[in-house]
Amino acid sequence: MSSLSSMFGCGVVMAPPQALGIGKRSDGGLTIVCSSRPQKKATAHHMKTRPRKTQPWDINRKPNVYDLMPPLPPDWTLVIPADASSASAAPPPPSA
């Protein structure tokens, strides 16, 4: 097996194993200290690349105002019999 200096044709300086985290417990791997092109994480990326409004008519535009919806009909109607004699009679079926 040849040495590194003979493969590259110049002297190669190797860091001691303790500096690389070999032989001791490391803190989770190597960390990049000085990256030339750091990547943004999810929210930062979406905030940076979101579409911008550039036209004045679009910037000053207000949201649509819709009329209020009418109240919904009740799902169930409670039928209370007037006296005990009509309590035995079944209420009429709902019409569809």
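Numbering (my numbering), first residue to last: 520 to 615. A virtual CB, placed ideally from N, CA and C, is assigned to each residue, including glycine.
Task: CA-to-CA distance, Lys572 to Met566, given in whole angstroms - done: Counting from one through the sequence shown, the residue named residue 566 turns up at place 47. Counting from one through the sequence shown, the residue named residue 572 turns up at place 53. Each residue's Cα considered, the two are about 14 Å apart.
TODO: Give the straight-line distance between the Cα atoms of Lys560 and Thr568, rounded to the nearest whole angstrom.
DONE: Position 41 of the sequence shown, counted from the first residue, corresponds to residue 560. Position 49 of the sequence shown, counted from the first residue, corresponds to residue 568. The straight-line gap from Cα to Cα measures roughly 12 Å.
Task: Option nearest Asp594 by Cα separation, candidates Pro613, His564, Ser555 and Asn579 - done: Translated into positions along the sequence shown, residue 594 becomes position 75. Nearest option by C-alpha distance: Pro613.
Open item on the list: Ignoring anything shorter than 4 residues, give me the alpha helix (DSSP H) runs that lie fully in the region 555-596, in order along the chain.
Closed with: 561-568 and 575-578
- [ ] Rounded to whole angstroms, what's the CA-CA distance from Ser554 to Pro570? Just pull it up for me.
- [x] The residue you call residue 554 lines up with position 35 of the sequence shown. The residue you call residue 570 lines up with position 51 of the sequence shown. Going by the C-alpha atoms only, they are around 27 Å apart.
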